[in-house]
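Some notes on the structure that comes next.
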């Protein structure tokens, strides 16, 4: 089949690669001038355990008293947030409390494990260095901190991917750079935790896809999707470009294109921040990834850099950075790993980016309900962790083959 893919982030590029491997003729349309220029540009880097990624699911931390109110709320309403953002947040909170929340977590766990296996298989196949690091520590200032991620721990235990409970001394043996004067009662450790450079891998996948014949059309904004004939209408072009099928992998733009066809996908941009700084001293920097569940912050090693990620904002806010959130990230990095990164370097990179998120934290994956149009979008903060698995599963569904994992939990009809 001739297949058009909208979006060249990590999800779109992975989907293009898998479909091309299956023998399809694939063209990817991207409004930016290169691949992985938006949500995939500076992800936290964490691949596994995917359920521990902050904001991966509303069922994790849903009972936090500071979710919206207080001096430092977990969700911040940025300038410009209105009724639609409050309505979406209400849906998010409701989704975390529904009886189906546990089943969604279990489905996300299976997708995360399948995706990790597929990602590592591709890394081995390509024989490339994507700045990987191993091991994930969840740092516990107080014993009660574990309650903040309890649902995720239960699901992981049931799936056979248990976390080891260790004391503070053991945590500092795993991460020697951890500050000795920062309160730490213990940690949860995933020895098979993985992190890597999302954007770098997306570029590798792009070139691999091109070797299979995939065509990338950059600076091409898709104005609408068409069903008679099936294809896409590019802004500025008089006629639609035909295809046998269209796959929407364009995050928020996917929801906008669906609205034009009468399908409402309740997706919201949850803005987060990343700070990437050059490595200063290896022994003082993280060797893998650490998660601070109290502030929902991740700190990961990516080659010769350290990346700290966090924050959750609804509302565009004029694109301005929120100084208090950035200060929290700086304090987390310097507090846990003093001297590990060159925070005063001119090479420090700060990014505020949107994570296209659906109210239950799961992606929209599979048929859209519109003939010839498929979905692979709305992965939220877990786009990097779920990309390769989502792409392979969708390719199997398009080929009418039995997918390696069940996709019913990710159908658009759940909303």
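Residue numbers (the working numbering): 410 to 824.
C-beta atoms are modelled at their ideal positions from N, C-alpha and C, and glycine is treated no differently.
Task: Residues of its chain near residue 431, where Cβ-Cβ distance is below 7 Å and the 5 sequence neighbours each way are ignored - done: Position 22 of the chain shown, counting from 1, holds the residue named residue 431. Apart from the 5 residues on each side of it in sequence, residue 431 sits with its Cβ closer than 7 Å to the Cβ of 804 and 808 in its chain, given in chain order.
Task: Exposure of residue 496, with buried meaning 16 or more beta-carbon neighbours within 10 Å - done: As a first step, residue 496 must be located in the chain shown, where it is residue number 87. Exposed: under 16 other Cβ atoms inside 10 Å.
Open item on the list: Looking at the secondary structure, which residues open and close the beta strand (DSSP E) in which residue 574 lies?
Closed with: Translated into positions along the chain shown, residue 574 becomes position 165. Taken as a continuous stretch (DSSP letters only), the beta strand (DSSP E) holding residue 574 covers 573-576.
Open item on the list: Taking contact to mean 3 or more Cβ pairs, one atom from each stretch, closer than 8 Å, check whether the region 683-701 and the region 487-504 are in contact.
Closed with: Here the region 683-701 does not lie against the region 487-504, with fewer than 3 beta-carbon pairs under 8 Å apart.
- [ ] Look up residue 678 in the DSSP assignment and give the residues it is bridged to.
- [x] Position 269 of the chain shown, counted from the start, is the residue given in the question as residue 678. Residue 678 is bridged by DSSP to 765.
- [ ] Let me know the secondary structure DSSP gives residue 424 once reduced to three states.
- [x] Here the question's residue 424 lines up with position 15 in the chain shown. Here residue 424 sits in helix by DSSP.
Open item on the list: Here's a check: name, in chain order, each residue in its chain whose Cβ is nearer than 7 Å to the Cβ of residue 488, leaving out the five neighbours to either side.
Closed with: Numbered from its first residue, the chain shown carries residue 488 at position 79. Scanning its chain for C-beta atoms nearer than 7 Å, with the 5 sequence neighbours on each side dropped, one finds around residue 488 the residues 724, 726 and 727, in chain order.
Open item on the list: Taking contact to mean 3 or more Cβ pairs, one atom from each stretch, closer than 8 Å, check whether the region 430-446 and the region 624-634 are in contact.
Closed with: Segments in contact, yes.
Open item on the list: By the DSSP assignment, the beta strand (DSSP E) with residue 783 in it spans what residues?
Closed with: Taking the chain shown and counting its residues from 1, the one referred to as residue 783 is at position 374. Under the DSSP assignment, residue 783 falls in the beta strand (DSSP E) whose first and last residues are 782-786.
- [ ] Decide if residue 671 is buried, meaning its Cβ has at least 16 other Cβ atoms within 10 Å, or exposed.
- [x] If you number the chain shown from 1, residue 671 lands on position 262. Exposed is the call here.
Task: Anticipated Cβ contact below 8 Å, residue 707 with residue 463, distance rounded - done: For the purposes of this step, residue 707 is taken as residue 298 along the chain shown, with counting starting at 1. For the purposes of this step, residue 463 is taken as residue 54 along the chain shown, with counting starting at 1. The pair is a contact, with the Cβ atoms about 7 Å apart (cut-off 8 Å).
Open item on the list: Considering only DSSP beta bridges, list what residue 687 is partnered with.
Closed with: Here residue 687 is taken as the residue at index 278 of the chain shown, counted from 1. In DSSP, residue 687 forms a bridge with 714.
Task: residue 600: first and last residue of the uninterrupted beta strand (DSSP E) it sits in - done: Counting from one through the chain shown, the residue named residue 600 turns up at place 191. Residues 595-604.
Open item on the list: Quick check on this structure: which residue in 666, 690 and 537 has the alpha carbon closest to the alpha carbon of residue 587?
Closed with: In the chain shown, counting from the first residue as 1, residue 587 sits at position 178. It is 690 whose Cα lies nearest to the Cα of residue 587.
Open item on the list: Would residue 576 and residue 595 be called neighbours here (beta carbons separated by less than 7 Å)?
Closed with: The residue labelled residue 576 in the question sits at position 167 within the chain shown. The residue labelled residue 595 in the question sits at position 186 within the chain shown. Closer than 7 Å, so yes.
- [ ] Name the two residues that bound the continuous alpha helix (DSSP H) containing residue 510.
- [x] As a working mapping, residue 510 is identified with position 101 in the chain shown. Annotation: the continuous alpha helix (DSSP H) that includes residue 510 extends over 510-535.
- [ ] Evaluate residue 536 with the Cβ neighbour count: other Cβ atoms within 10 Å of its Cβ, from every protein chain shown; 16 or more gives buried, anything less gives exposed.
- [x] Taking the chain shown and counting its residues from 1, the one referred to as residue 536 is at position 127. Burial is judged here by how many other beta carbons sit within 10 angstroms of a residue's own beta carbon; residue 536 has fewer than 16 and is exposed.
Task: Burial state of residue 744 (16 or more Cβ within 10 Å) - done: To locate residue 744, count along the chain shown from 1; it is residue 335. Burial call: exposed.
Open item on the list: Measuring only the C-alpha atoms, how far is residue 461 from residue 822?
Closed with: Position 52 of the chain shown, counted from the first residue, corresponds to residue 461. Position 413 of the chain shown, counted from the first residue, corresponds to residue 822. Each residue's CA atom was taken as its position, placing residue 461 and residue 822 some 26 Å apart.
TODO: Put residue 590 into one of helix, strand or coil per three-state DSSP.
DONE: Looking up residue 590 in the chain shown gives position 181. Correct three-state label for residue 590: coil.
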